[in-house]
Amino acid sequence: MNKVSTDPQIDPITFEVLRSVFDYTCDRMATTLQRSSFSPILSDMLDFSNAIYDRNLQLLAQAANCPVHLAAMKFSAEAAVRKYPVETLSPGDVLVVNDPYQGGTHINDISFIMPIYFGKDLIGFAVSRGHWMDLGGGAAGGQAFGTHIAAEGLRLPPLKIYSEYKINQDLLDIILNNTRTPHFVQGDLQAHFGCLRSAEQELQRACARYGVETTVKAMEQVQKYTERMVRAAISNIPDGEYEGEDYADTDGISDKRVKIKVKLQVRDDTIKVDFTGSDPATEGAINSPYANTMSAALYSLQFFLAKDAPQNQGMFNPIEVHIPKGTWLHAEWPAPTIGCTTLSSSKITSAIWQALAKAIPQQVTGSTYAECNWFVSSCLDDAGKADVFSDLPAGGWGGTPYRDGMNVTMDPLGNCMNMTAETAELFFPIVYEAFEICSGSGGPGRFRGGLGSTFKVRYLHGGELGMETSRTLEGSPGVNGGGRSPVQRASHVYSDGSEEVIGGYDAAGGWHNPLLAAHKFGANEVFKFESTGGGGWGRPFDRPAEEVLEDVLDDYVTIEQARELYGVVINSASMTIDHAETGSLRNG
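Under the working numbering, think of the first position of the sequence shown as 31, with each following residue one higher.
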């Protein structure tokens with residue numbers, strides 16, 4: 031058991047109370063932002079993150095929001111404070127930045143940084159990051175998939191958007207003038223400001239009750255406490271070097287795969303993550319900025335290290351990350367980055383998990399569908415007016431050492447939600463026709479990969495679609511002998527019912543680039559997407575035949591898959607196992 035090393039001024043009870051205050055502060059930020067935001071991507075889909083930092087910009091606590099945001103936000107805050115040093119800031123100041131090369135991810139993720147004071151004493155910082163539906167660019171949501179960052183929208187360097195609690199109207203006017211959704215922007219900005227004020231209130235309340243010195247000392251101690259827990263967890267991983275790799279199907283310009291190579295070097299209580307050998311920067315828009323790659327590497331490891339530890343900088347101190355310049359994982363101006371969070375980070379996670387499976391095979395899961403399947407669409411109403419909506423058709427997670435993978439669950443990069451049909455149809459001129467389990471989409475294994483989904487949305491009056499996806503060449507990889515899942519596919523269903531594949535393999539074996547920009551749909555035409563499941567864990571032939579039969583009865587696995595992948599023969603008339611044929615297949 032990890033004991034709290036307390037300063038004489040802080041007893042264990044006070045330490046635990048203040049630790050809980052730090053966590054609650056972030057949870058209150060998240061609740062405030064969700065309940066007061068205007069756009070569905072924040073209020074319903076929860077594509078945002080909130081955290082507090084100490085006065086040295088070390089992570090103090092975070093809400094259970096989007097993992098890919100959370101470790102990256104520190105870099106945005108540091109960039110903002112470099113431009114606006116602490117001595118120039120005042121209570122009520124708020125800085126804003128979304129530049130991918132200054133701590134950002136893709137342009138849609140916009141960060142707000144607020145210093146928090148108690149009297150004249152700087153206590154720390156609150157940071158809120160949200161994905162805004164649209165900040166301009168060559169296509170709705172910035173999904174132009176061009177070759178220059180300028181195509182993706184308004185790129186803000188660190189700027190002061192509030193001064194002593196008063197809005198910078200000139201800057202707000204610039205933002206409003208560069209978005210397709212000004213009806214969402216001002217309300218969302220006020221929601222972010224409200225959540226920062228929530229953090230300010232909670233930390234000031236803590237200082238009023240316990241004093242600044244005790245509160246700041248607790249901030250230091252909670253980080254040390256977490257670091258001890260994480261180092262102890264790393265010590266349980268065998269020393270050695272473990273390699274993994276994955277790839278993006280395309281950068282949207284070339285048909286060539288774009289690879290990630292990673293080596294984990296475990297020594298005592300530290301881990302080094304080395305991306306040497308990954309492919310060079312791409313022409314297309316999947317390059318990952320430094321902060322995004324760092325965040326993806328760190329959250330990928332945290333899934334398996336001291337999951338009960340408080341979430342703060344202590345999680346990251348034992349981990350070193352090397353990201354070579356010139357690679358697609360270290361994007362520099364003017365490399366386009368729109369797909370960095372939703373595509374690239376998920377591939378980083380998959381590569382790291384495959385490396386970890388060689389170190390701790392009894393703990394690591396098969397790969398998830400490793401995508402966000404993020405689409406953004408400009409849709410027309412009956413008067414020809416356009417609005418912008420977005421969704422994230424989820425897929426399956428990999429099989430685990432203990433049970434099958436989760437069905438239709440958001441990728442680890444985000445604790446986001448799919449938009450509900452009710453919200454989508456209330457706000458936008460569309461109809462959600464399907465969001466259902468996709469039969470046979472999980473990777474085979476002793477523990478089967480979770481299943482993906484089939485998603486259909488009908489445009490009542492037409493529109494344009496931008497989408498980024500992957501896993502269209504090969505499905506999600508399994509571990510420890512587990513198999514890959516099937517592939518993903520995007521289709522255009524015309525009003526006469528005919529169907530055309532627009533992303534992935536068609537029936538004739540032709541492959542279509544799955545990074546789409548401004549693909550046009552007419553009135554009463556349907557966008558259909560079939561997401562895949564996770565990879566399997568362990569040998570499929572080790573799965574009990576009775577469990578395979580249950581999968582077939584539940585329409586999770588087809589009769590053909592039962593035979594071909596699991597070696598289980600099922601009589602289609604009686605829906606029972608043919609034990610003789612099954613034994614022959616499995617033992618042959």
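Backbone N, C-alpha and C define an ideal beta-carbon position, used for all residues, glycine too.
Residue i Cβ short of 7 angstroms to the ligand PLP heavy atom set
i, result
"Leu331", "In the structure on display, the ligand PLP does not appear, and there are no ligands present to speak of."
Extent of the continuous beta strand (DSSP E) to which residue i belongs
i, result
"Lys355", "Per DSSP, Lys355 belongs to no beta strand (DSSP E) and is neither H nor E."
"Thr484", "Ser483 to Tyr489"
"Lys289", "Val288 to Arg297"
"Ala156", "Asp151 to His161"
"Leu410", "Phe405 to Leu410"
"Gln384", "Note, Gln384: premise wrong, no beta strand (DSSP E); alpha helix (DSSP H) at Ser375 to Ala389."
"Lys125", "The question names Lys, but residue 125 is Leu in the sequence shown. Segment Val124 to Val127, the beta strand (DSSP E) holding Leu125."
"Gly496", "Gly493 to Glu498"
"Val461", "Ile460 to Ile467"
"Glu555", "Glu555 to Glu560"
"Asn617", "No beta strand (DSSP E) contains Asn617, which is instead part of the alpha helix (DSSP H) from His609 to Asn617."
"Tyr83", "Phe78 to Asp84"
"Ser106", "Unbroken run through Ser106 is the alpha helix (DSSP H), Met103 to Lys113; no beta strand (DSSP E)."
"Ala416", "Ala416 to Asp421"
Residues near residue i by beta carbon distance below 6 angstroms, same chain, minus five either side
i, result
"Lys286", "none"
"His99", "Ser79 and Arg159"
"Phe105", "Gly133 and Ala321"
"Ser35", "Low confidence applies to Ser35: its pLDDT is 44, below 50, so where it sits in the model is not reliable enough to give any reading."
"Asp37", "For Asp37, the predicted model reports a pLDDT of 48, less than 50, meaning its position is unreliable; a value from the coordinates is still stated below. Once the five neighbours on either side are set aside, the close Cβ partners of Asp37 are Lys247."
"Ala416", "Ser408 and Leu410"
"Val487", "Ile460, Tyr462 and Phe557"
"His136", "Thr367, Ile368, Cys370 and Thr371"
"Glu594", "none"
Same chain, Cβ closer than 8 angstroms to residue i, neighbours up to 5 away in sequence not counted
i, result
"Gly512", "Gly396, Gly428, Gly429, Gly473, Pro474, Gly475, Arg476, Phe477, Gly479, Gly565, Gly566, Trp567, Gly568, Arg569 and Pro570"
"Tyr596", "Pro474, Pro570, Phe571, Arg573, Ala575, Val578 and Val587"
"Leu328", "Ala101, Met345, Phe346, Ile349 and Val351"
"Gln591", "Gly470 and Pro474"
"Asn32", "Reliability of the predicted coordinates at Asn32 is poor, the pLDDT of 45 falling under 50, and the value obtained from them is presented with this limitation in mind. Taken in chain order, the residues that qualify are Tyr255, Arg258, Met259 and Ala262."
"Lys377", "Asp276, Tyr277, Ala278, Ile290, Ala400 and Ser500"
Burial state of residue i (16 or more Cβ within 10 Å)
i, result
"Arg65", "exposed"
"Met605", "exposed"
"Val598", "buried"
"Thr306", "exposed"
"Glu494", "buried"
"Leu456", "exposed"
"Ile43", "exposed"
"Gly534", "buried"
"Ala297", "A small correction: the amino acid at residue 297 is Arg; Ala does not occupy that position in the sequence shown. By the neighbour-count rule (16 or more Cβ atoms within 10 Å), Arg297 is not buried but exposed."
"Asn138", "buried"
"Ser308", "buried"
"Asn601", "exposed"
"Glu232", "buried"
"Ile204", "exposed"
"Arg433", "exposed"
"Asn317", "buried"
"Val116", "exposed"
"Leu583", "exposed"
"Ser50", "exposed"
"Pro507", "buried"
"Gly527", "exposed"
7 angstroms CB neighbourhood of residue i in its chain, flanking five on each side removed
i, result
"Ala174", "Gly167, Gly168, Ala181, Glu182 and Ala547"
"Leu201", "Leu189 and Ile191"
"Arg501", "Tyr399, Ala400, Glu401, Val517, Gln518 and Thr562"
"Met163", "Ser69, Ile71, Gly171, Thr211, Phe214, Val418 and Ser420"
"Phe458", "Cys409, Asp417 and Phe419"
"Leu226", "Val124, Phe142, Met144, Ala156 and Ser158"
"Asn437", "Gly426, Ile467, Gly480 and Leu481"
"Asp151", "Val242"
"Gly217", "Ser67 and Phe68"
Delimiting residues of the alpha helix (DSSP H) encompassing residue i
i, result
"Met449", "Element bounds for Met449: n/a, residue is neither H nor E."
"Ile143", "From DSSP, Ile143 is part of no alpha helix (DSSP H) but of the beta strand (DSSP E) over Asp139 to Phe148."
"Gln251", "Val242 to Ser265"
C-beta neighbour in chain C for residue i, strict 8 angstroms
i, result
"Gly134", "Chain labels in this structure do not include chain C; a single protein chain is all it has."
### Task
Taking 8 angstroms as the threshold, find out whether the segment 108-124 comes into contact with the segment 327-344 through three or more Cβ pairs.
no
### Query
If we count Cβ pairs, one from each stretch, closer than 8 angstroms, do we get three or more for the segment 234-252 versus the segment 207-217?
no
### Runs of beta strand (DSSP E) lying entirely within the segment 517-553, each at least 3 residues, in chain order
519-523, 529-535 and 545-551
### Query
Is the segment 51-60 touching the segment 87-97 in the sense that three or more CB pairs, one from each, lie closer than 8 angstroms?
yes
### Task
Jot down the residue ranges of each uninterrupted alpha helix (DSSP H) in the segment 274-348, minimum 4 residues, whole runs only, in chain order.
Whole alpha helix (DSSP H) segments, 4+ residues: 320-332.
#### Entry: Sufficient close CB pairs (3 or more, under 8 angstroms) joining the segment 188-203 to the segment 402-420
no
### Sufficient close CB pairs (3 or more, under 8 angstroms) joining the segment 351-366 to the segment 412-422
In the pairwise beta carbon analysis, the segment 351-366 is classified as not touching the segment 412-422: fewer than three pairs are separated by under 8 angstroms.
### Task
Would you check if the segment 542-559 and the segment 515-527 touch, i.e. whether three or more CB-CB distances between them fall below 8 angstroms?
yes
#### Entry: Secondary structure, alpha helix (DSSP H): runs of 4+ residues fully inside the segment 183-248
199-206 and 212-240
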